[in-house]
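Number of protein chains: 2
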Amino acid sequence: MRVTKQKAQENRDRIVATAASLFRERGFDGVGVADLMEQAGFTHGGFYNHFRSKEDLVGEATIKGFKELNERYQDVDAMTAIDLYISREHRDAPAQGCPAAALGGDAVRQPESVRSNFADGIEAMTAIIEKGLASAGRGETDLRASALGIVAQAAGAIMLSRACPDDSALADEILETCRAQCFSLIEAARSRSIAG
Amino acid sequence: MRVTKQKAQENRDRIVATAASLFRERGFDGVGVADLMEQAGFTHGGFYNHFRSKEDLVGEATIKGFKELNERYQDVDAMTAIDLYISREHRDAPAQGCPAAALGGDAVRQPESVRSNFADGIEAMTAIIEKGLASAGRGETDLRASALGIVAQAAGAIMLSRACPDDSALADEILETCRAQCFSLIEAARSRSIAG
DNA sequence: ACATTTCGATGATGACCATCATTTTATTCG
DNA sequence: CGAATAAAATGATGGTCATCATCGAAATGT
């Protein structure tokens, strides 16, 4: 049956949101169109009324995932951001977590259009950390470089910690060690910024 | 036809080596048994004479991948290791590169047995960096913590750089920035080690 | 109110996939 | 040498996948 124009848009949004979660949990290749549609509350057939291909959806879901993440980290201190990001809670809930950490490895095998969305997402994450790094000081030094390094270490930490077995000592050690090291990097960037 | 016992072992090794490369290039799910066997120079049927399941091969290929990597980094200075690891050459040749960076994201969806191999590989990488960090000094401080942070940042950098579009400015910026930051971390760890 | 459009459901398509049974062929072991 | 064995090839199985054609029904535009 047909459905109201607004309702159709809501349905479309729900498909994208469901995909954004499922992809982070199972990978781009781990989610079939039929399975996805069922999780969103539909049968498989309607999919191609909304998207030209699965690849299109992958691109949209990537944007959606980064948007969810960055809204949650908007306007928080860099220390708080790292405390939230490099945490067991984040590691153990990939479906609601960072797309870069969950799907960065999958992204390599995606077309340029999708990878372009990843670059935008990484750029946005970096900007958030950089903003959270800016202290009362003048910010002479390259805060962006510090932010980029912190983002790489944080995403790497979550990915590596997830790759370890459940309840592995190493998995937790990676998290704790990298959190502490990122805290140091934040402090160092700030003191350089004030001094500069 | 049947084949000499030694030849059969060589064939098996070749399948594992081919898998180790192909998996890093296309992901665990991106390589089918038939395709893999063909790349190794066989037809698909013989696969199950060598392995009980594809999952078994995934585990073995992971070990093989880390072994290849760690042999290449054995006995090198930490600076040199990072210079080799965080490089365009490494980023652009995933099939010969680090399994953690290429397959860490895929590992989450693998059984514990495979993840256990990943933990061993990460442990080995960390040990190599830690050893390369030890200077003439007494090594009072926690070099392992520094090494783990460096490994996380390095793997994260390669993963994120690969996720960006080809010829993207961000992709190269990630590499250069993280290499410089890892160099600083190495220097810092060493001076603390000497002072301690 | 009626014709048109379009959302969503049903079902089919052809291509892959992992896995296994069978056969052929050659080696290994007694 | 002969019997048992095992590696590799061939071919089939049942499952899943992305994509598409079709159709019913309801909302939209006139």
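So the protein sequences, as listed, match chains V and E.
Just so it is clear: in the first sequence, position 183 is 223 by my numbering, and no numbers are missing.
Just so it is clear: in the second sequence, position 2 is 42 by my numbering, and no numbers are missing.
Idealized CB from N, CA, C, for every residue including glycine.
DSSP three-state call for residue i: helix, strand or coil?
i: E:Q114; result: coil
i: E:M77; result: helix
i: E:F106; result: helix
i: V:G145; result: helix
i: E:S61; result: helix
i: V:R42; result: coil
i: V:S127; result: coil
i: V:T217; result: helix
i: V:R92; result: coil
i: E:G67; result: coil
i: V:Q222; result: Checking the sequence shown, residue 222 of chain V turns out to be Cys, not Gln. V:C222: helix per DSSP, three-state reduction.
i: E:T120; result: helix
i: E:S233; result: helix
i: V:F87; result: helix
i: V:G99; result: helix
From the beta carbon of residue i, is the nearest beta carbon of chain E less than 9 Å away?
i: V:T44; result: no
i: V:V191; result: yes
i: V:E114; result: For the sequence presented, residue 114 of chain V should be read as Gln rather than Glu. No, because no Cβ of chain E sits closer than 9 Å to the Cβ of V:Q114.
i: V:Q49; result: no
i: V:L173; result: no
i: V:G145; result: yes
i: V:R202; result: yes
i: V:L225; result: yes
i: V:F91; result: no
i: V:F158; result: yes
i: V:A121; result: no
i: V:A141; result: yes
Give a yes or no on whether the minimum CB-CB distance between residue i and chain V is below 9 Å.
i: E:M199; result: yes
i: E:L183; result: no
i: E:I103; result: no
i: E:Q221; result: yes
i: E:E100; result: no
Which residues in chain E sit within 9 Å of residue i, going by Cβ to Cβ distance?
i: V:Q239; result: What is shown of chain V runs 41 to 236, which leaves residue 239 of chain V out entirely.
i: V:D206; result: E152 and R155
i: V:R149; result: E65, R66, G67 and G70
i: V:A133; result: Simply none; closest approach about 12 Å.
Can you tell which of the options has its C-alpha closest to the C-alpha of residue i?
i: V:V98; options: V:E108, V:V71 and V:Q114; result: V:V71
i: V:M119; options: V:V56, V:E170 and V:V148; result: V:E170
i: E:E111; options: E:E152, E:R54 and E:G137; result: E:G137
i: V:F106; options: V:C222, V:A59 and V:Q221; result: V:A59
i: E:A243; options: E:T181, E:L210 and E:L215; result: The structure shown does not extend to residue 243 of chain E, since chain E is modelled only from 41 to 236, so the question has no answer here.
i: V:Y88; options: V:V73, V:A80 and V:E78; result: V:V73
i: E:R230; options: E:Q221, E:L183 and E:I168; result: E:L183
i: E:A101; options: E:G172, E:A174, E:A209 and E:R155; result: E:R155
i: V:A197; options: E:A192, E:P205 and E:D146; result: E:A192
i: E:A67; options: E:R42, E:A185, E:V116 and E:L143; result: Reading the sequence as shown, one finds Gly at residue 67 of chain E and not Ala. Out of E:R42, E:A185, E:V116 and E:L143, E:L143 has the C-alpha closest to the C-alpha of E:G67.
i: E:E65; options: V:G145, V:H90 and V:H130; result: V:G145
i: V:A203; options: V:F223, V:A141 and V:G189; result: V:A141
i: E:A164; options: V:A133, V:Q114 and V:L210; result: V:L210
i: V:R149; options: E:G85, E:A135, E:E50 and E:I162; result: E:A135
i: E:D206; options: V:R232, V:T166, V:I190 and V:A147; result: V:A147
List the residues of chain V that residue i touches, going by C-beta distances under 9 Å, in chain order.
i: E:I168; result: Residues of chain V passing the Cβ test: none, with the nearest at roughly 15 Å.
i: E:A164; result: In chain order: nothing, as chain V lies at least about 11 Å away.
For the alpha helix (DSSP H) holding residue i, just list the boundary residues, first then last.
i: V:T30; result: Outside the shown range of chain V, which is 41 to 236, sits residue 30 of chain V, and nothing can be said about it.
i: V:P134; result: Here V:P134 belongs to no alpha helix (DSSP H), and DSSP marks it neither H nor E.
i: E:S201; result: L183 to A203
Along chain E, which residues have their Cβ under 7 Å away from the Cβ of residue i?
i: V:I214; result: L188 and A192
i: V:C138; result: Near V:C138 there are no residues of chain E at all, since even the closest Cβ is about 11 Å away, more than 7 Å.
i: V:L210; result: A159, I162 and E163
Anything in chain V within Cβ reach of residue i, meaning under 8 Å, just list it in chain order.
i: E:L62; result: Near E:L62 there are no residues of chain V at all, since even the closest Cβ is about 12 Å away, more than 8 Å.
At 7 Å on the CB atoms, spell out the chain V contacts of residue i, in chain order.
i: E:T217; result: A185, L188 and G189
Give the residues of chain E in contact with residue i, contact being defined as C-beta atoms less than 8 Å apart.
i: V:A195; result: G196, M199 and L200
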